[in-house]
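2 protein chains.
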Amino acid sequence: MSIPAYIGAVARSSTTSDVFNAIGDAHRREVLDALISGEKAVGAIVDDLSMSQPQVSKHLRVLREVGLVRCRKEGRRRLYRLEPAHLEPLHEWLANYERALNDRLDRVDGYLKELQRHQGELQ
Amino acid sequence: MSIPAYIGAVARSSTTSDVFNAIGDAHRREVLDALISGEKAVGAIVDDLSMSQPQVSKHLRVLREVGLVRCRKEGRRRLYRLEPAHLEPLHEWLANYERALNDRLDRVDGYLKELQRHQGELQ
DNA sequence: TTGACACATGTCGATTCCGGCATATATTGG
DNA sequence: CCAATATATGCCGGAATCGACATGTGTCAA
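Protein chains in written order, with our numbering: chain A, 1 to 123; chain B, 1001 to 1123.
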C-alpha cells in the first residue's frame, strides 16, 4: 500500500496577460513594430511580416487585451493602431533600475569623497 | 490511399533566452526587485520573497544567462547583483515607441486638457 | 441573395515552461 | 574525516503556449 501521495504541480501565478508577458514573444514584438508606421489592417500586417493570418489575429488579440493596441472597424477590415501609453508599466519598471543604479553610483561617489577626506587627514 | 500527410506543429522560434522573455515572468521580476537594494546571497532572496530555494536558483540562472545578473562566490555562498546595463535592449526597444508616442502627443495633450476640464467641473 | 473577401475563433498536437521534490556538489567547522 | 550549511541541478507532472488547419462571422459587391 502506501500510495505515493504525490502533491505535484501547482497552478502558476497566472497573470498571463500583462504587458511584460505580451512583449515577451518575439512575434508579438514584430506585430507591434509593424504598427509603428501607423494604423494598419490585419491583412497589411500579414503581408508585411511572414506570418499566417490566424497567427497575426491571435497575437493582436493578446496585444489588445493588455491595451498595447486598439482596434477600429472600417468596412470589412479592422484597423489596428499602437497605444504606446500602455507601455507605462514597463517604463516605470525600467525607471526603478535606473534609479537604483544612479543611487548606487551616488553612494560610490560619496564613498570616494570620504576616501579623499581620509586621505587628506592622513597627509 | 492518400495518407493524410499531416504537417502539424512546428518548432517555435525558441529564443527562450532573451531579456524580454526573462522579465516576462513575474517571479523573475520579483527576484530582480529583491536585488535592487544591492548584492544578496541566494538565501537572503529566498527569505525576502516567498519562494523555494530551487525556484530562486533556477530563476537566477535564467537571469544570469541573459546577463541581467552577475554572480560572485564568497565562501559557500553566492552573491548575486544586478547588471542593469543589460537592460539596454529593452531600453532601445522602448525608445522606438516613445517616438511614436511623441508623434501622437497632441492626442495625449488633448486628453490632459479634457482631464483638467473634468477636474474643473468637479470642483 | 449569393459569393467573395477580411477577419476572428475553435481545435489539436507538440513543445516549452514552471514549480515541487529529491539529490548532487562544494565549503566550512569540529 | 564527518556533519552541517549553501546552492545548483535533475527529474517529474501538469499547465500554459504556440502554430497549423479548419471553420465561423460579418460585410461588401454583383
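We treat Cβ as the ideally placed atom computed from N, Cα and C, and that holds for glycine.
{"Asked": "Chain B contacts made by the stretch 54-68 of chain A, where a contact means CB separation under 7 Å", "Found": "none"}
{"Asked": "Leu79 of chain A - DSSP class collapsed to helix/strand/coil", "Found": "strand"}
{"Asked": "Three-way DSSP call (helix, strand, coil) for Glu74 of chain A in this model", "Found": "strand"}
{"Asked": "Per-residue DSSP class, three states only, for Val1066 of chain B", "Found": "coil"}
{"Asked": "Pick from B:Gly1075, B:Pro1089, B:Leu1090, B:Leu1060 that is closest to Arg1081 of chain B, judged by C-alpha positions", "Found": "B:Leu1060"}
{"Asked": "Backbone secondary structure at Leu1032 of chain B - three-state DSSP", "Found": "helix"}
{"Asked": "Minimum Cβ-Cβ distance from Tyr100 of chain A to chain B less than 8 Å", "Found": "According to the sequence displayed, residue 100 of chain A carries Ala and not Tyr. Yes, its Cβ sits closer than 8 Å to a Cβ of chain B."}
{"Asked": "Counterpart residues of Ala41 of chain A in DSSP-defined beta bridges", "Found": "A:Leu79"}
{"Asked": "Proximity test, Cβ basis, 8 Å: Asn96 of chain A and chain B", "Found": "yes"}
{"Asked": "Cut-off 6 Å between Cβ atoms - residues of its own chain near Leu1079 of chain B, not counting five sequence neighbours on either side", "Found": "Glu1039, Ala1041, Arg1072"}
{"Asked": "Contact between the stretch 48-56 of chain A and the stretch 29-37 of chain A (3+ Cβ pairs under 8 Å)", "Found": "yes"}
{"Asked": "Residues of the stretch 1019-1033 of chain B whose Cβ lies closer than 9 Å to any Cβ of chain A, in chain order", "Found": "Phe1020, Asn1021, Ala1022, Ile1023, Gly1024, Asp1025, Ala1026, His1027, Arg1029, Leu1032, Asp1033"}
{"Asked": "Per-residue contacts from Pro1089 of chain B into chain A (C-beta, under 8 Å)", "Found": "Neighbours of Pro1089 of chain B on chain A: none; closest Cβ ~11 Å, over 8 Å."}
{"Asked": "Whether Leu68 of chain A touches His91 of chain A by CB criterion (8 Å)", "Found": "no"}
{"Asked": "6 Å Cβ shell around Glu1065 of chain B - same chain, five flanking residues per side excluded", "Found": "Ser1017"}
{"Asked": "Distance, Trp93 of chain A Cα to Ile23 of chain A Cα", "Found": "14 Å"}
{"Asked": "Cβ-based burial, Pro1089 of chain B [other Cβ within 10 Å; buried from 16]", "Found": "exposed"}
{"Asked": "Contact with chain A by Ile1045 of chain B, beta-carbon distance below 8 Å", "Found": "no"}
{"Asked": "Rounded separation between Ser2 of chain A and Val1056 of chain B - CA only", "Found": "Interpretation of Ser2 of chain A is limited by its pLDDT of 41, a score under 50 that renders its predicted location unreliable; no figure is taken from the coordinates."}
{"Asked": "Beta carbon proximity, Leu82 of chain A to chain B, threshold 8 Å", "Found": "yes"}
{"Asked": "Closer than 7 Å: Arg1070 of chain B CB and nearest the ligand MG heavy atom", "Found": "The ligand MG is not part of this structure, which contains no ligands at all."}
{"Asked": "Assigned secondary structure, Asp1025 of chain B (DSSP; H/G/I helix, E/B strand, else coil)", "Found": "coil"}
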